[in-house]
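Chains as they are written, first to last, in the UniProt record's numbering: chain A, 1 to 238; chain B, 1 to 238; chain C, 1 to 238; chain D, 1 to 238; chain E, 1 to 238; chain F, 1 to 238.
A virtual CB, placed ideally from N, CA and C, is assigned to each residue, including glycine.
Everything on this sheet refers to the single structure shown next.
There are 6 protein chains.
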Amino acid sequence: MRPSGRNPDQMRKIQFTRNYTKHAEGSVLVEFGETKVICTATVEERTPRWLKDANQGWVTAEYGMLPRSTGSRMGREASRGKQGGRTMEIQRLIGRSLRAAVDLNALGERTITLDCDVIQADGGTRTASISGAYVALCDAIKGLIHTEKLEKEPLHGQVASVSVGIYEGTSVLDLDYAEDSSAETDMNVVMNDAGAFIEVQGTAEGHAFRKDELQNMLDLAEKGIQEIMQAQREALAS
Amino acid sequence: MRPSGRNPDQMRKIQFTRNYTKHAEGSVLVEFGETKVICTATVEERTPRWLKDANQGWVTAEYGMLPRSTGSRMGREASRGKQGGRTMEIQRLIGRSLRAAVDLNALGERTITLDCDVIQADGGTRTASISGAYVALCDAIKGLIHTEKLEKEPLHGQVASVSVGIYEGTSVLDLDYAEDSSAETDMNVVMNDAGAFIEVQGTAEGHAFRKDELQNMLDLAEKGIQEIMQAQREALAS
Amino acid sequence: MRPSGRNPDQMRKIQFTRNYTKHAEGSVLVEFGETKVICTATVEERTPRWLKDANQGWVTAEYGMLPRSTGSRMGREASRGKQGGRTMEIQRLIGRSLRAAVDLNALGERTITLDCDVIQADGGTRTASISGAYVALCDAIKGLIHTEKLEKEPLHGQVASVSVGIYEGTSVLDLDYAEDSSAETDMNVVMNDAGAFIEVQGTAEGHAFRKDELQNMLDLAEKGIQEIMQAQREALAS
Amino acid sequence: MRPSGRNPDQMRKIQFTRNYTKHAEGSVLVEFGETKVICTATVEERTPRWLKDANQGWVTAEYGMLPRSTGSRMGREASRGKQGGRTMEIQRLIGRSLRAAVDLNALGERTITLDCDVIQADGGTRTASISGAYVALCDAIKGLIHTEKLEKEPLHGQVASVSVGIYEGTSVLDLDYAEDSSAETDMNVVMNDAGAFIEVQGTAEGHAFRKDELQNMLDLAEKGIQEIMQAQREALAS
Amino acid sequence: MRPSGRNPDQMRKIQFTRNYTKHAEGSVLVEFGETKVICTATVEERTPRWLKDANQGWVTAEYGMLPRSTGSRMGREASRGKQGGRTMEIQRLIGRSLRAAVDLNALGERTITLDCDVIQADGGTRTASISGAYVALCDAIKGLIHTEKLEKEPLHGQVASVSVGIYEGTSVLDLDYAEDSSAETDMNVVMNDAGAFIEVQGTAEGHAFRKDELQNMLDLAEKGIQEIMQAQREALAS
Amino acid sequence: MRPSGRNPDQMRKIQFTRNYTKHAEGSVLVEFGETKVICTATVEERTPRWLKDANQGWVTAEYGMLPRSTGSRMGREASRGKQGGRTMEIQRLIGRSLRAAVDLNALGERTITLDCDVIQADGGTRTASISGAYVALCDAIKGLIHTEKLEKEPLHGQVASVSVGIYEGTSVLDLDYAEDSSAETDMNVVMNDAGAFIEVQGTAEGHAFRKDELQNMLDLAEKGIQEIMQAQREALAS
C-alpha cells in the first residue's frame, strides 16, 4: 500500500502551465502532484568559449531549490558560496537529457539555458524538471522559428523522465517524498518518443536489486513516460 | 504621463496569496502588478551563535532572484559562488525592516528566517518583499501562538514598504521597471502603522533632489503604504 | 548631553591631509574626530568590460577596515575570503555618491577608483570616506588636467556627507561611536554644493522616527555638510 | 573492431597491488590496463556531525585526478578553488557503492574515507576506483578486526564495477579512452557478489539505446564484474 | 652607486611611532625610509582550536597591503576572494619570527595577533613588518603584565629583520624598491639579540650567489639588525 | 644517533624513475628514501596573460599531497576550496628554483608547468620535488629539441635541492620525517652545478642558529646536492 493510496503503476497528477512568467523565451510551471518546478528557457546569441568556431549551438541547464521548498529549510547555495554535489549532478543530468533531443548544428551559434527552480518539493524534482524543461525548450525553439532566426527544426525528439523504485518490496511508479525517503531502490529514467533510453540511473539505497526487478521498474517507467509525453503534447497543443 | 497610464499617486494592483507553498510556517506570494515574489517564513528553535545566552530571538532575511525573473538572464549567484552587493544590501534591508516590528525578547530563543525569492521582476522587488514578508511573518507567529510555543504576541506593529521616485520631473508612486530604469530619483520607504518611518533610502540617479521634492515623495509613500497595509490586513483576515 | 560634551549641532573636528601617501594620483587622510580614513584615488586608462564601446569613463569605490581599527579585532575580509554585506553596501554608496559629481562622458575612457581604508574607527566611517574621497578625486582630476589628458573639467559639483541621528531623544549631528551604538535612529546624508540631496539613508534602530524628526535631522545634516564643504575647499586651496 | 584489438567481451588486464603506500590503513594501486588509480582507506575514530548520537559509522569517498593524468593537462581543482561537477558526481558514486557493502551499525562510531587518486587515465577511472577502493576497504577493516577494535565483520558483500557501452554499433566491455570518447552509449555498472545491482548509470551520448541493447550491456557487465571479483579475491588472498 | 645615494652598508632612516592608533593593545607605525607599515597587536583570551587543552598560548600574524600602497594599484585581496601566495608566505614568516621570541607556555591560554598593514611600500615591507610587530608585541605584553594578567615575562629575546641583496654586483643593506626590483639576489634575515639567526631566506633573482657573497650579505644584515634593535629599544624606552 | 641509523652526512637512497606515467612530456617518480613524488612536466604553446607580447616563455610549478600521503589524513585542498599557505610557499619555491636554470627567452612563447604530487611523504618533499622536477623538465625540453620546436638549448644549468638541519645538537643531511618533526633548525638549500646558491631557506624551529652552525649546514647541503646531481645525470643518461 502506497502512502498516497495510488496503485503501483499510477502516476501523480501531471500538469504543465505554459507562459508561467513573462520574460523568458519559454516558461513552464510543471507539477507532478505536490512537486512544483518553474522551468524557463533562455536563448542567448552566443556559445560557451570552448565551442568557439565549432559552428554549433549548446543546450545547458541549471537547477536550484528555494530554501523552503522542503520540509525543513535548506541553506541557500548562493549564501554558502557553492553548489552542492547533488545540485551539480542534477543539472548535468538535465542538460544531457535535453541535448539528446536537439540537433546542435541546426541550432546555430546560440545557447539555450534551462533553469529549473523547485518552489515546492515532494519527490521527483529532477524528473519533473526534465519533463518541464522539454516544454519550455519547445516554446523557445518555436519562438526562434517564428521570428525566422531558425529555418530548420533543431528538435528531433520528445524527452520525458520519471522515477521508479522499489517501495516495501513492490515496484512503484513516480515516487513521492514519503516513498522516496524510505525506498530500497530509486531509479530515474529518461526516454525519448521512440521508446529508447537516454538515461537510466538506478541506485540501491537499501539492498541491491536483481535483474528482474530492474526489468519491472523499466516497464513501469515506460508506462509513466508515455503518460507524461501525452500531457506534454496536450500542453503544447493548447 | 506614466508608461503604464497610472496617475502619479496610483499604486499597481497589490495582492497577497497566503499558503502559497505547503512546507513553510508562513508562505505568501506577493504581487505588485507584474512583480511577483514568494516570501516564506521559517521558524527554527535556535539562534545565531553570537546571540548565545542572550535569551532573545532573531529575525533575518535572505533574498534571491530566479535567473530569468528579469528581461535578460542574470547569472545564478549559487553558480557564481557569491551573492552580489545588491543582493546583500536588499536582504539586510528586509531583515532590519521586519525586526523593527518584533519584540525579540518576547520571541524567545528562536530564529525566523524570511526568504524572498523573486520569480518575476518588474520594479520594486525589495518593497514587495518587505510587504509580503510581513504577512508570512504574521502567519509564522500565529502558528507559534496557536501551538502554544509563544504566550505573548511578539509583533508590536505592522510594516509595509513602497518605492517612490521622480520620473520625468514628476513625483510618482510605486515605480515599475519602465519608470525605475529611467527615474531621476528612486526612494524606498518603509513605515509602520503608526505612520512613522523605519527606513528611508533615497538615491539621486540623475540629478540631486531638493527638499520639497523629498517632501512630495514622502507624502506619496505614506499614501501608498496605507493602501498596502489595508491589503495586508484584508489578506490576514481572510 | 552628548558623551563627547558637544552641542547637538556641533561637528567633530574635521581635517583633510592631502598627499598623505606618495604613490596614488590623489591621497587624503580624512579625520572626523578620532575616525581616520585613508582615501586614495587611482586613475587607470581603461573602463570595466560592460562599458566597452560606451565612450565614457567610470568612477568606483572600495572600502575596507584594518582589522584592529575597531575596539575588538574584526576578522580580515581577505582572509575570510569574502567581503561582508556591510562593506559592499558602503562601497556601493561611496561610488554612487562620487559619480553624482562627475560627468562620466567628459572623463573619457578611464576609471577612477576610490579606495577608502579605515585605520581608526569612531563612528561615521562611511560619511568621512565620502567626504575624503571627494578631495582625493579632485586631486586626481587636477593631475589629469595638469598633464593635459583632460581638456574639460569633468567635475560638476562638490560632494560631502555627514551622519545625523536621534540620541536619547534629541537630534544630533555627526555621531561618534558612543552615540552611534546606542542611537535610536541613524541617518547618512550626502549632499552637493547646490544644497540638494544625493543620498538619504535613514534607519530606525530603536523606534521609528516621525516626519518632524526627519525634518530636524535633515536640517542638522545641511548645516554639517556646509561646514565639511568649507573644510574641503580650504584643504584644496592650500 | 576495437582500437585495442580486444574482443567485445574482453576485459583489459586487471591488477591490484596492495600496500602500495605505507601510511594508510588500506592502500591499493588498481590498474585496468593503462588506467592507474591509487585507492587508500583511512580510518578515523569520529563520524560526521550530522551522525552525532546516531551510534553508527560512515563510509565516504573523495576522487581526484593528477593534473597530468590525462592527455592534455587539466587545471588542478585545488588551485581553481572548487571541485567540478564530474568530480563530485564520481565521488558520490564511489561512496554510495562502498556503503552498500558495509553494515554501518557494525562499523561503530568511526569513518572510513576512501581516497581515489588517478595517476594515469585511460578510460574507466570511476569503475577502477570502486573496484580498487573495495580492496583498500577490506584491508582497513581487517586491521580493525586484527587490533580488536571491531568484534564483528561489518562487510556483508563484495563490490566491483565496470563500464560497458556501445562502440560502433557493438556492445563492448570495459571501454578504454579511445572507445569511451567516441562511444554512442556509456554505462557504469556496480554489482555485488550475489549478482545484484548496486548502481546502473547509462547515458546515451550519441543516440538513445533500446531495451535489448541495455540487456546486452548488462550481460557483459555481469561477466566483467565476475572477473574483477575473482582478481579482487586473489589479491586479498595473497 | 645606489639609486638613493646610500653607502652599501647604510640603512634607511628607521622610525617606530608607538600608540599610532588607539584601539589595539599595541599599535606601531614603522618606517624604513618611505616604507610605512601599521603594526597592531591584539590580545584575545582564547587559542586556536588545535591548541585546545594544550595549556599554552599562540602568536600569529596577518599581512596586507592597501591597494594603492604601491606604484600601480593592486587588486584588493578581500574583493578577489583570496589571499595570494606572497601574502601567505609573508604572514607565515612574520608569525614564525615573533613566536621565536615568546615562551608560549608562559603566555597562558591567549592569542596575540600581529596585523601588519602596509600603507606605503618602497621595498622591505616584510622586514619592516617583523621589526615593527616586535615593538607592538612588547606593548601588548607590557599591558598584560601591568594588568596582572601575566605574572612572568613571556618574551625571551628581541627580534628584528632586514633585507640584504646584491645590486649591480655589490652587496647592499636594506634595499628600497628601486634596488629590490632589479637586484640579482634578495635575502631576508631575521635575528635575535644574541646574534643568532631565526630565519634566513635568500633567493637568486638573476644569477646564483656564491658562498662568499652569502657571507658578505649576512655580515651586512647583522650590522643592520643591530641598528634596528637599537631603534626598537629607544622607542620602547621613550 | 639518527633515528634511521644514518651518519650525519649520509643521504637516503635517491632514485629517479623516468617515463613514470605516459601522457606528460616529462614524467618522473623521485624517491628520497620513503618520500615519493610524481613530477610531471607539461608543455603548452601559450604563456600567462601578463607575459603577452613579452616574447619569452615561462616555467611554473604546482604542488600537492595526496590526502593520505601522510601519517594522518590531511583534508583535500580541492575539497576545502583553497590551497593552504604551505602549499603556495612550496610551489612558488619550486617554480623559482627551476626558472633559475632556464633561459626564458630561448624557451619561446610557451609554458612548462611542473606538477609535483606527493604520493608518500617522509620528510623533504619540497627538496625531492625540485630535484625530480629538474629531470622531468630535461625530458620535456629534450622533446622540444627532438621535434625541432626549439633550436637552441634553453637549459643553462643543473638544479638540485636538499634539506639540512640541526637534530639533537648535530648538523644532519637530508632529514626524514622523524628528524624533521623534532629538528631545532630546518634549512632547504637549492644549488646549481656551478656550486652556487639559488635558494637558502633556514628556519629556527627551536632555538636560533649561530653562524658556524649555518656554515656546517651549508657544507652538508653542498655534499648532498653533488650526490643528487650525480643521480640526476645517471638517470638522464640511461
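If you reduce the DSSP assignment to three classes, tell me which class residue i lands in.
{"i": "A:Q120", "result": "strand"}
{"i": "E:L155", "result": "strand"}
{"i": "D:L144", "result": "helix"}
{"i": "D:L150", "result": "coil"}
{"i": "B:M229", "result": "helix"}
Please check if any C-beta of chain B sits within less than 8 Å of the C-beta of residue i.
{"i": "A:R73", "result": "yes"}
{"i": "A:G33", "result": "no"}
{"i": "A:R110", "result": "no"}
{"i": "C:E89", "result": "yes"}
{"i": "C:K52", "result": "no"}
{"i": "A:R46", "result": "no"}
Buried or exposed: which applies to residue i, given that a residue is buried once 16 or more other Cβ atoms fall within 10 Å of its Cβ?
{"i": "C:K115", "result": "One detail in the question is off: residue 115 of chain C reads as Asp in this sequence, not Lys. Buried, because 16 or more other Cβ atoms sit within 10 Å of the Cβ of C:D115."}
{"i": "D:S181", "result": "exposed"}
{"i": "D:M1", "result": "exposed"}
{"i": "E:S72", "result": "exposed"}
{"i": "B:T113", "result": "buried"}
{"i": "F:A54", "result": "exposed"}
{"i": "A:P3", "result": "exposed"}
{"i": "D:G33", "result": "buried"}
{"i": "E:R110", "result": "buried"}
{"i": "F:R12", "result": "buried"}
{"i": "A:G206", "result": "exposed"}
{"i": "D:Q230", "result": "exposed"}
{"i": "E:N188", "result": "buried"}
{"i": "C:K36", "result": "buried"}
{"i": "C:K149", "result": "exposed"}
{"i": "B:G165", "result": "buried"}
{"i": "D:A132", "result": "Looking at the sequence itself, residue 132 of chain D is Gly, so the reference to Ala does not match. Flag for D:G132 reads buried."}
{"i": "E:T127", "result": "buried"}
So that I know if they touch, is there some Cβ in chain D lying closer than 8 Å to that of residue i?
{"i": "A:I198", "result": "yes"}
{"i": "A:R92", "result": "yes"}
I want to see whether chain E comes within less than 8 Å of residue i, judged by CB atoms only; does it?
{"i": "F:L66", "result": "no"}
Say whether chain F places a C-beta atom closer than 8 Å to the C-beta of residue i.
{"i": "D:K211", "result": "no"}
{"i": "D:V129", "result": "Reading off the sequence shown, one finds Ser at residue 129 of chain D, where the question assumed Val. For D:S129, the answer is no, since every Cβ of chain F falls outside 8 Å of its Cβ."}
>> I want to know whether the stretch 94-105 of chain A touches the stretch 102-109 of chain B - three or more CB-CB distances under 8 Å.
In response: no
> Are at least three pairs of beta-carbons, each pair with one atom in the stretch 194-213 of chain D and one in the stretch 228-236 of chain C, less than 8 Å apart?
Replying inline: no
> Where in the UniProt domain "Exoribonuclease phosphorolytic" (10-140) of chain E do unbroken runs of the alpha helix (DSSP H), each at least 4 residues long, occur, reported from the N-terminal end onward?
Replying inline: 77-80, 85-99, 104-107
>> To test your reading of the DSSP string, which unbroken beta strand (DSSP E) runs of 3 or more residues are found completely within the UniProt domain "Exoribonuclease phosphorolytic" (158-224) of chain B?
In response: 159-167, 170-173, 185-192, 197-204
>> With a threshold of 8 Å, are at least 3 pairs of Cβ atoms found where one atom belongs to the stretch 214-229 of chain B and the other to the stretch 195-206 of chain B?
In response: yes
>> If contact is defined by three or more beta carbon pairs under 8 Å, each pair taking one atom from either stretch, is the stretch 39-51 of chain E in contact with the stretch 65-81 of chain E?
In response: no
>> Does the contact criterion of 3 or more C-beta pairs under 8 Å hold for the stretch 88-103 of chain A versus the stretch 150-162 of chain A?
In response: yes
> Quick check: the stretch 170-190 of chain C against the stretch 137-157 of chain C, are there 3 or more CB pairs under 8 Å?
Replying inline: no
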